[in-house]
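For the sequence shown, our numbering assigns the number 1 to the initial residue and increments by one for each residue that follows.
For every residue, glycine included, the Cβ atom is placed at its ideal position computed from N, Cα and C.
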Amino acid sequence: MTDLFTPYELKGMRLKNRVVMPPMCQYAVENQDGIPNDWHYVHYVSRAVGGTGLIIVEMTGIHPDGRITNNDTGIWSDNHIESYRKITAGVHANGSKIGIQLGHAGRKAQDAEPPAAPSAIPFDERSKMPAALTAQGIEELIEDFRQAARRAVEAGFDTVEIHGAHGYLIHQFHSPLTNTRNDEYGADLALFGEQVITAVKEELPADMPLLMRVSAKEYVDGGYGTEYALGICRRYKAAGVDMFHVSSGGEGPIGSNGGPNAGSAYQVGLAEYIRSGLQVPVIAVGRLESYQEAQSIVNEEQAELVAIGRGMLSDPYWTLHAQEALGGVHNVPKPYERGIWRRK
């Protein structure tokens with residue numbers, strides 16, 4: 001039976017287990033230059049030491065004004081490459097694979113003056129009024145995604161994830177709530193995301209998988225549901241996405257954490273829906289701190305990979321501790337054997 005510690009292969013990327021650290025913003029850039037620092041190096045490499053199969057670096061701005069805040073990381077310049085290369089080398093040295101999530105916050109960019117968006121609709125009454133992107137502005141952002149992907153390859157990442165969820169720019173384009181344009185991008189709401197995928201894909205080696213994070217439903221009146229999301233994902237799969245990282249929310253008052261009534265594994269059914277509807281591999285995410293629950297998702301073939309967010313913020317060695325709890329300990333770093341490896 002396939003379990004949490006069964007290796008997994010997607011194109012040319014081979015993972016030692018099914019555990020993923022999902023992108024989680026650290027807001028830890030010191031000089032507003034987007035360059036990751038020692039905090040980011042320790043943060044990501046420690047999860048590799050902790051046994052994680054795949055680590056995905058936080059949403060990384062493809063443009064300075066595409067960051068949520070100026071304390072977020074970026075990859076809009078070749079000056080960023082060397083710092084990421086140090087992180088990827090450290091992760092690889094400890095036996096894990098690493099990806100990077102490329103994104104643009106759109107109207108949710110707090111420090112942009114003004115933020116850019118498909119349409120001039122602010123996120124809420126406290127948010128800045130965004131400027132609706134011109135046709136030229138859209139072309140430039142697609143090129144920014146392309147160049148960011150090129151830099152990611154040069155920096156040694158094993159995969160790239162495009163952020164199309166949580167109310168950020170690509171999500172804003174494919175949501176009827178936030179895209180009221182009168183041009184081709186308003187007539188075809190999946191077009192911008194599709195063009196970004198095509199541009200990114202052209203920069204990746206043929207054997208490098210392309211991931212995409214999507215919100216499978218919106219928690220707001222008039223928001224789209226799972227059937228609509230499936231249609232959007234069908235377009236994105238045809239454009240070149242190899243695996244979907246299935247989340248939810250991000251538009252309206254309820255964010256990507258699902259709100260106060262969201263319990264453990266609350267998004268797993270959404271991942272399973274996209275998986276079965278498109279016959280495509282998926283990553284399940286959403287309050288999956290329980291070792292047994294993560295194991296059962298893989299056992300029951302609800303998802304190929306399981307992302308552990310909050311649990312891994314709390315415990316960099318979540319994967320090694322899951323191995324302990326589930327009785328399959330192996331590949332423990334030798335210096336940690338006395339503390340983690342319970343010999344029987």
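Among the options, which one has its Cα closest to the Cα of residue i?
i: S248; options: G225, E304, G95 and K237; result: G225
i: T69; options: D188, H92 and V29; result: V29
i: P122; options: R235, T134 and A105; result: A105
i: E140; options: A116, A120, T159 and G156; result: A116
i: G74; options: I81, T60, D65 and Q195; result: T60
i: E143; options: R235, V214, E202 and G223; result: E202
i: F157; options: G99, M212 and A120; result: G99
i: W76; options: G95, Q101 and I55; result: Q101
i: I308; options: C233, V285 and Q302; result: V285
i: C233; options: C25, N79, Y185 and L191; result: L191
i: Y44; options: D78, K97 and D3; result: K97
Whole angstroms are fine: how far does the CA of residue j sit from the CA of residue i?
i: R126; j: M1; result: 51 angstroms
i: R349; j: G311; result: Residue 349 cannot be examined here, being either before or after the span of the chain that is shown, 1 to 344.
i: S83; j: N37; result: 7 angstroms
i: A48; j: P316; result: 8 angstroms
i: R146; j: W318; result: 34 angstroms
i: A112; j: M13; result: 36 angstroms
i: K16; j: P281; result: 17 angstroms
i: G103; j: Q32; result: 17 angstroms
i: V160; j: K11; result: 13 angstroms
i: P335; j: A89; result: 20 angstroms
i: H63; j: L169; result: 12 angstroms
i: G328; j: G250; result: 37 angstroms
i: G53; j: Y291; result: 15 angstroms
i: I274; j: I87; result: 32 angstroms
i: V57; j: F244; result: 16 angstroms
i: G231; j: A93; result: 40 angstroms
i: T180; j: Q110; result: 22 angstroms
i: N261; j: D221; result: 17 angstroms
i: Y228; j: P176; result: 10 angstroms
i: N182; j: T134; result: 12 angstroms
Am I right that residue i and residue j are in contact with their C-beta atoms under 8 angstroms? What's the rounded C-beta distance?
i: E210; j: V200; result: It should be pointed out that residue 210 corresponds to Leu in this sequence rather than to Glu. Yes, they are in contact, since the Cβ atoms of L210 and V200 sit about 7 angstroms apart, within 8 angstroms.
i: T198; j: G240; result: 7 angstroms
i: I283; j: V246; result: 7 angstroms
i: P118; j: A132; result: 7 angstroms
i: V306; j: L326; result: In fact, because the Cβ distance is near 13 angstroms, the residues do not count as touching under 8 angstroms.
i: I81; j: E154; result: 5 angstroms
i: K108; j: G66; result: Incorrect: roughly 10 angstroms between the Cβ atoms, too far for contact.
i: R85; j: E304; result: R85 to E304, Cβ: 28 angstroms. No contact.
i: G356; j: G252; result: The requested residue 356 is not part of the displayed model; the chain covers only 1 to 344.
i: E272; j: Q302; result: 4 angstroms
i: A313; j: G51; result: Just to set this straight, residue 313 is Leu in the shown sequence, not Ala. About 16 angstroms separates the two Cβ atoms, so there is no contact after all.
i: G186; j: Y236; result: That belief does not hold up - the Cβ atoms of G186 and Y236 are roughly 18 angstroms apart, past 8 angstroms.
Buried or exposed for residue i, please, with buried defined as at least 16 other CB atoms from any protein chain shown within 10 angstroms of its CB.
i: D72; result: buried
i: K344; result: Any reading at K344 needs caution, since the residue's pLDDT is 43, under 50, leaving its predicted position unreliable; the model's value is listed next. So K344 counts as exposed.
i: M129; result: exposed
i: P23; result: buried
i: N331; result: exposed
i: E300; result: exposed
i: Q136; result: exposed
i: W39; result: exposed
i: T178; result: buried
i: E218; result: buried
i: E418; result: Past the edges of the chain, shown from 1 to 344, lies residue 418, and the structure says nothing about it.
i: A238; result: exposed
i: A152; result: buried
Check your understanding: Would you call the segment 268 to 275 and the segment 4 to 12 in contact, with 3 or more CB pairs under 8 angstroms?
Key -> no
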